[in-house]
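Engineer:
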Amino acid sequence: MEQLYHIIDAFFAPGILIGLSVCLFFLYIPPRVALRSYRVARYVMGAAYLVYALCIYLEHNILSDAEGKALARPIILSVACFQAYLFTYTLINLISLNYLKLRNLLIELAIIIAITVTFFSIHIIYPGTGSMWAFVTFALVYIALLARYVLLFNREYKHYTSLMDNYYSDDETRRLQWVKRSFYVSLAVGVMALLYALMPTDAVGLVFISIVIVFYVVFGVRFINYALHFDFIESAITTDDDDHEESTEVDNELMRRIDELMESKKLFRKSDLSVNDIARKLNERPRAVSAAINACRGTNFKTYINEFRVEESKRLINEDKSNNRTIDAIASEAGFTNRSSFYRVFKRSQGVSPTDYRMGVTRKD
17 MEQLYHIIDA FFAPGILIGL SVCLFFLYIP PRVALRSYRV ARYVMGAAYL
67 VYALCIYLEH NILSDAEGKA LARPIILSVA CFQAYLFTYT LINLISLNYL
117 KLRNLLIELA IIIAITVTFF SIHIIYPGTG SMWAFVTFAL VYIALLARYV
167 LLFNREYKHY TSLMDNYYSD DETRRLQWVK RSFYVSLAVG VMALLYALMP
217 TDAVGLVFIS IVIVFYVVFG VRFINYALHF DFIESAITTD DDDHEESTEV
267 DNELMRRIDE LMESKKLFRK SDLSVNDIAR KLNERPRAVS AAINACRGTN
317 FKTYINEFRV EESKRLINED KSNNRTIDAI ASEAGFTNRS SFYRVFKRSQ
367 GVSPTDYRMG VTRKD
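To convert, count from 1 in the sequence shown and add 16; that's our numbering.
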């Protein structure tokens with residue numbers, strides 16, 4: 017196991033990271049204003065991959081003696097701090113284009129550097145007991161940092177899903193759930209880094225470096241392909257939130273037109289219906305349509321559309337006395353993208369599943 021760990025640590029891991037960093041630096045990104053922050057983030061992540069490859073190289077070739085091993089713990093935590101910082105803000109950048117401010121990023125980076133330098137200095141100047149207490153304090157600071165990033169990411173992801181629910185009617189296809197999964201996997205890797213710092217053995221190192229490389233590869237590929245999926249979410253996350261004038265009378269009139277359009281044209285049957293589809297037909301701004309639904313119905317666009325779909329599915333079930341249509345066919349005709357989404361929305365609305373409703377089972381309160 018020791019030999020396998022050293023092979024992965026010395027050759028395989030740095031090679032993979034350097035290859036991915038090259039892809040991040042040189043792959044083409046469409047020259048669009050909305051992708052400007054993503055372009056910067058790719059360069060930052062490319063640099064991060066190179067730095068991590070260098071850290072692995074240094075650990076294997078320079079810090080392998082007794083004195084070097086004494087520095088293993090603070091080095092592992094230092095790298096983990098910077099990785100947590102980079103991954104958190106990079107992932108937030110994908111779902112909140114205007115969130116990142118250079119000044120704030122530089123201030124937080126300076127704080128992390130100052131903390132790291134302080135604990136390294138204590139470790140070197142006061143070996144033994146002083147070094148141990150410095151490491152314990154560093155570990156607690158690192159845990160607090162991870163907790164802060166969890167709260168920060170969850171807040172921004174909640175805002176992102178709110179924007180998506182106010183723009184698109186479907187459940188899954190445009191949610192970029194891989195961003196959320198990537199954050200929590202990176203969080204798990206961060207926790208493992210702390211465990212590795214507590215037990216810096218070859219066996220633990222082999223497990224840790226293997227998981228890290230798999231994560232970096234999967235994340236790198238997803239991150240590189242983000243531009244390909246950006247078209248699907250751009251309209252929702254770049255909508256101007258400040259261009260809607262508050263007016264109850266205007267909202268009520270627009271809401272009446274929206275209801276009339278939905279009932280006459282049955283637009284809800286379009287599984288990928290968006291606010292923009294309705295706005296074009298009414299010659300209104302998407303933000304105005306979304307705001308009218310929020311103000312007059314007290315709900316988001318997705319929920320509003322799903323209410324029509326549930327009523328349509330009930331009508332289809334009720335008129336299909338011979339059960340000639342399958343549940344999946346009814347879901348599709350009513351505008352739902354898939355069976356699981358149909359069951360979840362229908363049961364939340366009616367208190368029973370579509371199958372039970374067809375069998376005459378009433379709501380269970």
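Glycine is no exception: its CB is placed at the ideal position from the N, C-alpha and C atoms.
Can you check which of these residues, Glu335, Lys337 and Ser329, is closest to Ile343 by C-alpha distance?
Structural biologist: Your numbering for residue 343 matches position 327 in the sequence shown. Residue Ser329 is the option with its Cα nearest to Ile343.
Engineer: Which partner residues of Tyr184 appear in the DSSP bridge assignment?
Structural biologist: Taking the first residue of the sequence shown as position 1, residue 184 is located at position 168. Answer is Ser290, bridged to Tyr184.
Engineer: Tell me the rounded alpha-carbon separation between Phe352 and Lys363.
Structural biologist: Here residue 352 corresponds to residue number 336 of the sequence shown, with the count starting at 1. Here residue 363 corresponds to residue number 347 of the sequence shown, with the count starting at 1. Those two C-alpha atoms are separated by around 14 Å.
Engineer: Quick check: Leu210 and Ala295, are their CB atoms within less than 9 Å of each other?
Structural biologist: Indexing the sequence shown from 1 puts residue 210 at position 194. Indexing the sequence shown from 1 puts residue 295 at position 279. No; because the gap between Cβ atoms is not below 9 Å, this pair is not in contact.
Engineer: Give me, in chain order, the residues of the same chain whose beta-carbon lies closer than 6 Å to that of Ser37; leave out the 5 immediate sequence neighbours on both sides.
Structural biologist: To locate residue 37, count along the sequence shown from 1; it is residue 21. Within the same chain, Ser37 has close Cβ partners Gly62, Tyr65 and Leu66.
Engineer: Three-state secondary structure (DSSP) at Pro30?
Structural biologist: Taking the first residue of the sequence shown as position 1, residue 30 is located at position 14. Three-state result, Pro30: helix.
Engineer: Less than 8 Å between the CB atoms is what I'm expecting for Lys286 and Asp293, so what's the real figure, rounded?
Structural biologist: On the sequence shown, position 270 is the one that residue 286 refers to. On the sequence shown, position 277 is the one that residue 293 refers to. Indeed, because the Cβ distance is near 7 Å, the residues count as touching under 8 Å.
Engineer: Quick check: the Cα distance between Asn316 and Asp288, rounded to an integer number of angstroms?
Structural biologist: If you number the sequence shown from 1, residue 316 lands on position 300. If you number the sequence shown from 1, residue 288 lands on position 272. Approximately 16 Å between the Cα atoms of the pair.
Engineer: Note down, in chain order, each residue of its chain lying with its Cβ closer than 8 Å to the Cβ of Tyr183, except the 5 sequence neighbours on either side.
Structural biologist: Sequence index remark: in the sequence shown, residue 183 carries index 167 (1-based). Excluding residues within five positions, the ones whose Cβ falls inside 8 Å are Ser251, Ala252, Thr255, Ser290, Val291, Asn292, Pro302, Ser306 and Phe317.
Engineer: Please identify the residue among Tyr142, Leu121, Gly376 and Val195 whose C-alpha is closest to the C-alpha of Val234.
Structural biologist: The residue you call residue 234 lines up with position 218 of the sequence shown. It is Val195.
Engineer: Taking the Cβ atom as the reference point for each residue, do Leu40 and Arg58 lie within a distance shorter than 9 Å?
Structural biologist: Taking the first residue of the sequence shown as position 1, residue 40 is located at position 24. Taking the first residue of the sequence shown as position 1, residue 58 is located at position 42. A contact, by the Cβ cut-off of 9 Å.
Engineer: Between which two residues does the alpha helix (DSSP H) harbouring Gly236 extend?
Structural biologist: Numbered from 1 along the sequence shown, position 220 holds the residue referred to as residue 236. Residues Asp218 to Ile240.
Engineer: Quick check: Tyr232 and Ile92, are their CB atoms within less than 9 Å of each other?
Structural biologist: In the sequence shown, the residue the question calls residue 232 occupies position 216. In the sequence shown, the residue the question calls residue 92 occupies position 76. Not closer than 9 Å, so no.
Engineer: On the criterion of 16 or more Cβ atoms from any shown chain inside 10 Å, does Ser198 qualify as buried, or is it exposed?
Structural biologist: Counting from one through the sequence shown, the residue named residue 198 turns up at place 182. Burial call: buried.
Engineer: Within the continuous alpha helix (DSSP H) that includes Arg360, where are the two ends?
Structural biologist: In the sequence shown, counting from the first residue as 1, residue 360 sits at position 344. Element bounds for Arg360: Arg355 to Gln366.
Engineer: Confirm, please, whether the CB-CB distance from Asp186 to Ser348 is below 9 Å.
Structural biologist: Position 332 of the sequence shown, counted from the start, is the residue given in the question as residue 348. Position 170 of the sequence shown, counted from the start, is the residue given in the question as residue 186. No, these two residues do not count as a Cβ contact at 9 Å.
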